[in-house]
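2 protein chains.
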Amino acid sequence: MALRAPYLLFLGDAPDKLAAKTANGIHQWRPDWCLGQFRLPDCKTDLGIPDMTLEEARAAGAETLVIGVANRGGRIGEAWREILFQAVALGFDIAAGLHQKVADVPGLAAAAAAKGVTLHDVRHPTESLDVGTGGPRSGKRILAVGTDCSVGKMYTMLAMEKAMREAGLKADFRATGQTGILIAGSGISVDAVVSDFISGATERLAPAHDADHWDLVEGQGSLFHASFAGVSLGLLHGAQPDHLILCHEPNRPHMRGLPGRALPSLKECMALNLQCARLTNPDVQVLGLAFNTSALADAEAHDLMERTGETFGLPCVDPVRTGVGPLVDRLTAKG
Amino acid sequence: MALRAPYLLFLGDAPDKLAAKTANGIHQWRPDWCLGQFRLPDCKTDLGIPDMTLEEARAAGAETLVIGVANRGGRIGEAWREILFQAVALGFDIAAGLHQKVADVPGLAAAAAAKGVTLHDVRHPTESLDVGTGGPRSGKRILAVGTDCSVGKMYTMLAMEKAMREAGLKADFRATGQTGILIAGSGISVDAVVSDFISGATERLAPAHDADHWDLVEGQGSLFHASFAGVSLGLLHGAQPDHLILCHEPNRPHMRGLPGRALPSLKECMALNLQCARLTNPDVQVLGLAFNTSALADAEAHDLMERTGETFGLPCVDPVRTGVGPLVDRLTAKG
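Residue numbers (the working numbering), protein chains in the order written: chain Y, 1 to 335; chain R, 1 to 335.
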């Protein structure tokens with residue numbers, strides 16, 4: 001599964017920037033793929049790229065209409081359906097990461113088949129997968145792990161890809177969730193595969209590669225999240241990482257979605273991830289820590305990262321506030 | 001999902017006893033549910049219960065035809081299809097744990113719907129599941145964990161159910177795989193659910209119960225199996241066990257399906273399972289060890305179990321060779 005760029009980003013009737021965060025992510029990390037945005041009259045956010053009609057975008061070369069907006073429940077809005085049919089008729093592929101499949105919009109799959117275009121529901125894997133083997137494979141891999149869900153794993157790994165490429169390294173982000181897949185143009189929603197195939201899906205996603213090539217595998221969940229730890233462990237084994245980056249949001253009051261349940265300490269989170277990762281890569285090590293310090297003032301954030309870095313003898317960064325330079329420096333032996 | 005007993009066990013053209021191991025398991029653990037067996041002329045095995053035609057079994061009260069035989073690849077034999085249609089026409093439900101669904105036999109689902117009977121493909125969960133929460137719940141639970149796949153978890157927990165009931169305890173086996181489901185008459189194939197729902201499926205399977213009630217949750221895989229550990233971890237968190245039983249087959253040369261990959265030590269397997277299980281039950285403990293010593297001579301087996309028991313200060317049994325009495329005694333404070 002690979003999406004065809006360039007994209008027209010569909011923002012629909014997004015009530016605010018947060019509702020269009022997928023579109024924002026795609027535009028931030030893959031600006032060259034984003035020809036324009038398509039907004040309905042009620043749309044309250046703006047990516048700052050050209051507004052285009054479907055016809056204008058198609059004429060400019062857009063290949064895929066990407067649904068970059070999510071509304072409550074991940075449904076496909078009534079107001080969107082006519083647009084989707086028009087897009088198919090104009091020869092667009094459509095890509096979406098919603099719970100509800102665009103392929104389930106009555107009549108749309110048939111229209112797409114008749115036109116010869118593809119509907120990509122990236123949250124719903126369609127590939128036939130094998131179980132993982134854990135067998136050693138060439139190439140190098142880095143995996144983002146976390147104390148919790150939604151602590152910045154995707155952002156960290158996209159920042160790593162950018163910085164590593166700028167440093168002359170061969171690096172590819174490997175997406176394991178729907179937003180990451182829409183940004184990367186390919187990937188597998190690991191939390192949506194049948195559970196027997198979690199590690200196998202990850203092996204497929206980041207297969208053997210050149211010895212000097214880095215796959216940067218987006219993590220999911222946390223070994224300490226009572227809802228999703230199975231996904232995290234299968235991903236950890238399947239990724240066979242040489243390095244882990246431990247992602248964390250300081251001051252989070254409880255595990256996401258589980259009030260009253262405390263986050264693990266950085267030390268125990270690091271130790272358990274290393275212990276489990278050794279099953280498929282005995283040489284795994286922690287490259288560093290990536291914090292989301294957006295809730296902290298600048299001085300407080302820097303102080304915390306400095307103290308944490310000293311505690312572990314590892315770089316501790318905030319990909320937004322400081323960038324990931326110190327992590328990349330460790331890979332290039334400058335660190 | 002609950003199967004309707006009693007059963008007629010379909011052995012088909014099973015070439016040997018191993019091919020009919022599902023039927024053997026059902027007959028061993030639920031003899032009262034097994035009215036008879038249905039064998040095709042080429043069948044080379046015998047459960048020692050009455051051979052019945054479909055008509056005879058139906059007249060005797062059989063409600064479900066259970067496919068108790070597996071052939072290569074888990075396919076539905078050509079020779080079986082006519083029987084399945086006849087069974088549906090006579091008002092049987094059909095239950096199977098094969099890779100190929102009986103519901104996918106052309107025309108069979110329509111015939112079943114027309115007749116008002118149910119096709120149970122127990123390897124393919126159809127329930128709408130929620131994600132797990134890890135929230136504490138009443139009742140007590142025991143989970144079988146293992147150094148590897150196929151080390152006797154299901155057998156151990158069925159033996160525990162029998163022995164605990166004989167000791168006057170309230171105990172129910174909770175099946176997490178297809179054979180266990182056919183034996184128990186209900187359950188969820190946890191390795192076949194979408195990976196986000198592993199722990200949620202297990203919470204559904206063994207929900208809050210009376211304070212003096214025991215759910216005996218069949219385990220799957222191993223935290224040390226590179227293919228399936230994610231399933232095992234989600235199951236461990238979802239089961240929220242008060243006690244673990246560590247299952248193991250001594251002298252196994254390598255992890256099942258993974259030549260060259262050694263089994264973990266009992267000590268590290270016990271430690272990691274306890275550490276991870278504490279996330280949802282801080283008071284979890286190991287009840288004892290259950291070995292499959294079928295490859296050892298009697299003296300050697302007993303010596304090994306005695307030494308292992310002393311090493312860990314816990315009972316070490318073989319459910320077949322010694323029974324699980326010492327494990328049950330620990331629960332009833334006789335141990």
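Glycine residues also receive a C-beta, built at the ideal position from the N, C-alpha and C atoms. Since this is a predicted model, take the numbers as computed values, not measurements.
For W29/Y, the enclosing alpha helix (DSSP H) stretches over residues 21–29. Straight through space, the alpha carbons of A144/Y and G323/Y are spaced by roughly 15 Å. The shortest C-alpha to C-alpha distance from S186/R to any of N251/R, P125/R, L287/R is the one to P125/R. Beta-bridge analysis with DSSP links A96/Y to D121/Y. The beta carbon of T133/Y falls within 8 Å of a beta carbon belonging to chain R, placing the residue at that interface.
C276/Y and T147/Y do not touch by the CB rule: their CB atoms are close to 15 Å apart, not below 8 Å.
Within chain R, the residues G132, T133, G134, S199, H237, L279, T280 have their CB atoms less than 7 Å from the CB of A226/Y, given in chain order.
Between V131/Y and S227/R, the gap from beta carbon to beta carbon is short of 8 Å. The closest CA to that of M160/R, considering only I83/R, C149/R, F173/R, is found on F173/R. When Cβ-Cβ separations below 8 Å define contact, V194/Y makes contact with chain R. Residue-level contact by beta carbon fails for A103/Y and chain R, as no gap is shorter than 8 Å.
Shown here, F38/Y sits in a strand according to DSSP, grouped into three states.
Distance from the Cα of K140/R is smallest, within the candidate group G36/R, L289/R, D242/R, for D242/R. Just so you know, the alpha carbons of S195/Y and A59/Y end up roughly 43 Å apart.
Annotation: D242/Y has no Cβ neighbours in chain R at a cutoff of 7 Å; minimum Cβ distance is about 16 Å. In this structure, the beta-carbon distance from L296/R to P326/R does not fall below 8 Å. An exposed status is given to L18/R, since fewer than 16 other beta-carbon atoms sit within 10 Å of its beta-carbon. A straight line joining the alpha-carbon of L90/Y with that of N71/Y spans about 25 Å.
The alpha-carbon of M255/R is positioned some 12 Å away from that of L279/Y. Within its own chain, the residues whose Cβ lies closer than 7 Å to the Cβ of P319/Y, once the five positions on either side in sequence are excluded, are G152, Y155, T156, A159, A290, listed in chain order. Measuring C-alpha to C-alpha distances from A5/R to each of A333/R, T22/R, D93/R, D121/R identifies D93/R as the nearest. Contact between the segment 106–116 of chain R and the segment 211–227 of chain R is not established, with fewer than three Cβ pairs separated by less than 8 Å. Listed along chain R are V194, S195, D196, each with a C-beta nearer than 8 Å to that of D191/Y. Contact between L236/Y and V66/Y is absent: CB atoms are separated by about 30 Å, not below the 8 Å threshold. In this structure V122/Y is in contact with G97/Y, their Cβ atoms being roughly 5 Å apart against a cut-off of 8 Å. Taking the Cα of L9/Y as reference, the smallest distance to any Cα among G25/Y, G36/Y, A206/Y, M1/Y is reached at G36/Y. Within the segment 240–290 of chain R, the complete beta strand (DSSP E) segments of 3 residues or longer fall at 243–248, listed in chain order. For K140/R, the secondary structure class from DSSP, reduced to helix, strand or coil, is strand. In the DSSP assignment, G12/R falls outside any alpha helix (DSSP H) and within the unbroken beta strand (DSSP E) covering 7–12. Contact check for G74/R and T179/R: beta-carbon distance about 12 Å, past the 8 Å limit, so the pair fails to qualify.
For the segment 75–86 of chain Y, the set of residues with a beta-carbon nearer than 9 Å to any beta-carbon of chain R is empty. When the five nearest sequence neighbours on each side are left out, the beta carbons in the same chain lying within less than 6 Å of the beta carbon of V328/R are those of A163, M164, A167, in order along the chain. If only uninterrupted alpha helix (DSSP H) runs of at least 4 residues are considered, those enclosed by the segment 175–224 of chain R are 178–184, 198–205. By the CB criterion at 8 Å, L258/Y and G134/R fall inside the cutoff. If you check the CB distance, L223/Y and L272/Y come in under 8 Å. A14/R is the residue among D51/R, E56/R, A14/R, L119/R whose C-alpha sits nearest the C-alpha of V69/R.
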